[in-house]
Amino acid sequence: MTNKKVFNWLDERLGLTAIYKTIFERKIPKVNWWFTLGSATLFLFALQVVTGIMLSVYYVPSPDKAYDSIEFIMSGVAFGWLIRGIHHWGATLMVITVFIHMLRVFFYGAYKYPREITWVTGVFLLLATLGMGFTGYLLPWNQKAYWATTVGTSIAGTVPGIGDFILRALRGGDDLSGVTLARFFAAHIWIFPLLIIILIGVHLYLVIRIGISAVPGKND
Amino acid sequence: MSGSHNLSRRDFTKAVMTFVGAVMGAVVGIPVAGYLVSPAVKAQKTDAWVTIGPLDDYTAGQPALFSFTRAKVNGWEKTVNSYGVYVVRAEGDAVKVLSNACTHLGCRVTWQQDQNAYTCPCHDARFGRDGEVLSGPPPRALDGYETRVENGTLSIRLLE
Ligand code: HEM
Ligand code: FES
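Chains as they are written, first to last, in my numbering: chain B, -5 to 214; chain E, 2 to 161.
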């Protein structure tokens, strides 16, 4: 019974039960499986964080070592292929779930008052997720990565007027180089994840505060 | 719940969620643990025969230094280690090959013909021609290698 005593002591001060109830025992309308996609995305993001941290244990973001370090992960480290595989497929899957999640919100009209800000944070979450994919793709530093990023950054460079500036800002110079790799790495493991974590915080705060919209009926 | 065989919907859900959660945790957790400790459990042993050269290049009774390098792949990095060994030839085919790493703390010893000893620059250790400790702090004689002479060519077994 001391367990209960300790818990009560903590609960009285931290409000654990209240937090639990707010998150897990909130009222929701009768919904369907499409409503699980936000949670699925959240789960995939958590998985990406874990596997990504694991990859950073052996990955080296330098032009002369990146490729070899990934080779090492694939064949020299126990379960390296699995960790990298989960990160690789998880990334693709996350883009898909984010997208379908957005489509369900769109088709159910769940973006309307009072959920506009949830939608806007969602738009930035989509962009940040795509940013993760774009920056992560370069990291293996193989031919496909190199040329995909050459093309991708060139496309960004076609913006009228400031295109050249954007191109050089993305590449960290005129050409793809070790500078590009380092800044993509920084964006991939620090900037975008931090952004995503903050945005998810606001997004879910709003989901819980406002509550989930119901499946629209014939007259909605 | 006590005494009842009926599982409430809530308890059933709880049990299923706990089970699924545990399975997912294990599926991710076990590979992650293996991945992290992988370099610690992988043996990186070398066991190779290194050719030193014709035995007849060496004069009996006069230890001579032979140096060689070996590349070692560690993760994504290739490092080249240098080795120095003293070939100590006796009469006939009898030969001893000693590491030049001092058995005290690993400095390199040098053969001094005039003193008839290997001396270590670090803490003044002295070893006799066959590697035995003459004076100083080393705990044991210089390490020897297993040797092999085939068609007059000397090789040593590098084990580490
Ligand atoms: C990392 C990406 C995202 C995560 C982790 C995430 C997570 C969630 C979760 C858990 C919910 C609860 C309801 C549900 O799952 O359907 C939700 C609701 C919502 N999401 Fe997202 N979401 C993401 C991206 C987006 C995007 C790209 C949009 C749209 C541009 C968006 C717009 C919304 C809106 C408007 C709601 C409220 C829906 C309602 O009240 O019915 N989210 N989100
Ligand atoms: S290392 Fe040779 S005497 Fe200390």
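Even for Gly, the Cβ is constructed at its ideal location relative to N, Cα and C.
Could you tell me which residues DSSP pairs with residue i in its beta bridges?
i	result
Glu161(E)	Answer is none; Glu161(E) lacks a bridge partner.
Asn1(E)	There is no way to answer for residue 1(E), as the model of chain E reaches only from 2 to 161.
Glu151(E)	Thr154(E)
Phe128(E)	Tyr119(E) and Val134(E)
Ser100(E)	Val86(E)
By the three-class DSSP mapping on this structure, what secondary structure does residue i have?
i	result
Leu143(E)	coil
Thr111(E)	strand
Met2(E)	Summary for Met2(E): the model assigns pLDDT 46, below 50, so the residue's position carries little reliability; its value from the coordinates is reported in the next sentence. Coil, per DSSP.
Pro108(B)	coil
Phe73(B)	coil
Trp27(B)	helix
Arg165(B)	helix
Arg20(B)	coil
Ala65(E)	strand
Thr52(E)	strand
Asp57(E)	helix
Asn136(B)	coil
Ala95(E)	coil
Asp214(B)	coil
Ser56(B)	coil
Lys(-1)(B)	helix
Tyr102(B)	coil
Leu8(B)	helix
Ala27(E)	helix
Thr45(B)	helix
Ser207(B)	coil
Trp77(E)	coil
Could you tell me if residue i is buried or exposed, where buried requires 16 or more neighbouring beta carbons within 10 angstroms of its beta carbon?
i	result
Thr154(E)	exposed
Arg109(B)	buried
Arg203(B)	exposed
Gly74(B)	buried
Ala139(B)	buried
Ala122(B)	buried
Trp141(B)	exposed
Ala95(E)	exposed
Gly112(E)	Strictly speaking, residue 112(E) in this sequence is Trp, with Gly absent from that position. Buried, by the Cβ-count rule.
Pro64(E)	buried
Phe18(B)	exposed
Arg78(B)	buried
Ser33(B)	exposed
Ser240(B)	With chain B covering -5 to 214 only, the question about residue 240(B) has no answer from this structure.
Ile149(B)	exposed
Gly93(E)	exposed
Got a sec? Which residues, its chain only, sit under 6 angstroms from residue i by beta carbon, not counting five neighbours each side?
i	result
Met2(E)	Bear in mind that the predicted position of Met2(E) carries a pLDDT of just 46, short of 50, making it unreliable; the figure below should be weighed with that in mind. Taken in chain order, the list of residues that qualify is empty.
Thr174(B)	Arg165 and Gly166
Ser207(B)	Ala104
Asp144(E)	Ser100
Trp135(B)	Ala60 and Tyr61
Gly205(B)	none
For residue i, which residues of its own chain have a beta-carbon under 8 angstroms away from its beta-carbon, when the five flanking residues on both sides are left out?
i	result
Ile157(E)	Trp50, Val51, Ile53, Val86, Val98, Tyr146, Glu147, Thr148 and Arg149
Leu119(B)	Val92, Ile190, Leu193, Ile194 and His197
Asn213(B)	none
Ala142(E)	Thr104, Phe128, Asp131, Gly132, Glu133 and Val134
Determine, for residue i, whether the minimum Cβ-Cβ distance to residues of chain E falls below 8 angstroms.
i	result
Leu76(B)	yes
Met48(B)	yes
Ala72(B)	yes
Ser171(B)	no
Val51(B)	yes
Phe39(B)	no
Asp62(B)	yes
Phe18(B)	no
Lys(-2)(B)	no
Leu119(B)	no
Lys138(B)	no
Phe178(B)	no
Phe66(B)	yes
Lys59(B)	yes
Val43(B)	no
Determine, using beta carbons only, whether residue i comes closer than 8 angstroms to chain B.
i	result
Val29(E)	yes
Pro32(E)	yes
Tyr36(E)	yes
Met2(E)	Residue placement at Met2(E) is poorly supported in this model, since its pLDDT is 46, which falls under 50; the coordinates still yield a value, given next. No, Met2(E) lies away from the interface with chain B (no Cβ there is under 8 angstroms from its Cβ).
Trp112(E)	no
Gly62(E)	no
Trp77(E)	yes
Ser9(E)	no
Ser39(E)	yes
Using a Cβ-Cβ cutoff of less than 7 angstroms, which residues in the same chain neighbour residue i once the five nearest sequence positions on both sides are dropped?
i	result
Phe128(B)	Gly146
His124(E)	His105, Gly137 and Pro138
Val71(B)	Tyr52
Gly151(B)	Gly157, Asp158, Ile160 and Leu161
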